[in-house]
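Residue numbers (our numbering), protein chains in the order written: chain Z, -8 to 115; chain A, -8 to 115.
The beta-carbon is built from N, C-alpha and C at its ideal position, and this holds for glycine as well.
A short worksheet on the structure shown next.
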């Protein structure tokens, strides 16, 4: 029930940067994080369930923020666009994930407090 | 490196419903989840770091979706607005949190795969 006063902004979650938090971009970043060599544009549309236009738009936002790099190259003479997470992007994404973990911890603690424990993250 | 082909839409995260995923609304829901009796409007602005206008706007979206209920009442003769998570809201929020856990697991597995393990959620 949390009757003790909580800090102002306790649930503001300022670390949930909108550039990374937007659902489609969150998917793109998660798809890229395991692949230091990058992912081909076409493969990325498939993995993220996005149209070419949508993916382009989201990549523009991510590239503008310095989180991804879009490289034009060739794969067996066919032009290929590859999307790569930058090292700044990896760092920012990691910070963002830390804030996301905080949300899950807060929610788990809250549910415990009212006696409806969800299995999982409370102890994380 | 994940060289095996992954499923189409693997990173689409369709469960990240925009009504709940939006950063301010995520804060509001997390603030409400521990308080079955609800939270006074003014206290909620303070906890979430939102202006009255912003909170109203987000409550409208959440109420429209049936996730919260906004109750007009009195506290010692002074009018008071109280915000309460509905039981449907609690259920939907729980499902949303499950998807969020999936994102964190995917990211943790990815970082493990490239040998830069973050402490925490990989085993969750």
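Residue i (DSSP reduced to helix, strand or coil)
| i | result |
| --- | --- |
| residue 31 of chain A | strand |
| residue 5 of chain Z | coil |
| residue 121 of chain Z | Any question about residue 121 of chain Z goes unanswered here, given that chain Z covers just -8 to 115. |
| residue 41 of chain A | coil |
| residue 113 of chain A | Since pLDDT at residue 113 of chain A reaches only 46, below the 50 mark, its modelled position is unreliable, and no value is offered. |
| residue 99 of chain A | helix |
| residue 22 of chain A | helix |
| residue 86 of chain A | helix |
| residue 92 of chain Z | helix |
| residue -1 of chain Z | coil |
Candidates the options: closest to residue i by CA position
| i | options | result |
| --- | --- | --- |
| residue 3 of chain Z | A:21, A:1, A:10, A:5 | A:21 |
| residue 69 of chain Z | Z:31, Z:75, Z:40 | Z:31 |
| residue 38 of chain Z | A:92, A:5, A:74 | A:5 |
| residue 84 of chain A | Z:46, Z:80, Z:104, Z:99 | Z:99 |
| residue 46 of chain A | A:8, A:86, A:14 | A:14 |
| residue 52 of chain Z | Z:63, Z:65, Z:64, Z:74 | Z:74 |
| residue -3 of chain Z | A:16, A:8, A:25 | A:25 |
| residue 16 of chain A | A:89, A:76, A:104 | A:76 |
| residue 29 of chain A | A:71, A:48, A:101 | A:71 |
| residue 177 of chain Z | Z:34, Z:56, Z:95 | The structure shown does not extend to residue 177 of chain Z, since chain Z is modelled only from -8 through 115, so no value can be given for it. |
| residue 23 of chain Z | Z:80, Z:43, Z:65, Z:67 | Z:80 |
| residue 78 of chain Z | Z:27, Z:36, Z:66, Z:101 | Z:27 |
| residue 8 of chain A | A:88, A:60, A:1 | A:88 |
| residue 19 of chain Z | A:34, A:35, A:93, A:1 | A:1 |
| residue 66 of chain Z | Z:33, Z:95, Z:97, Z:105 | Z:33 |
| residue 59 of chain Z | Z:35, Z:105, Z:40 | Z:35 |
Cross-chain neighbours of residue i in chain Z, by beta carbon under 8 Å
| i | result |
| --- | --- |
| residue -3 of chain A | 38 |
Closer than 7 Å at the beta carbon, the chain A residues around residue i
| i | result |
| --- | --- |
| residue 98 of chain Z | 21, 24, 88 |
Where residue i meets chain A, residues with beta-carbon distance less than 8 Å
| i | result |
| --- | --- |
| residue 7 of chain Z | 14, 17 |
Partner residues on chain Z for residue i, Cβ-Cβ distance less than 7 Å
| i | result |
| --- | --- |
| residue 1 of chain A | 38 |
| residue 102 of chain A | 24 |
| residue 27 of chain A | 105 |
| residue 4 of chain A | 14, 17, 18 |
(request) Please go through the region 55 to 81 of chain A and give each complete beta strand (DSSP E) segment of 3 or more residues, from N-terminal end onward. (result) 59 to 66, 69 to 76
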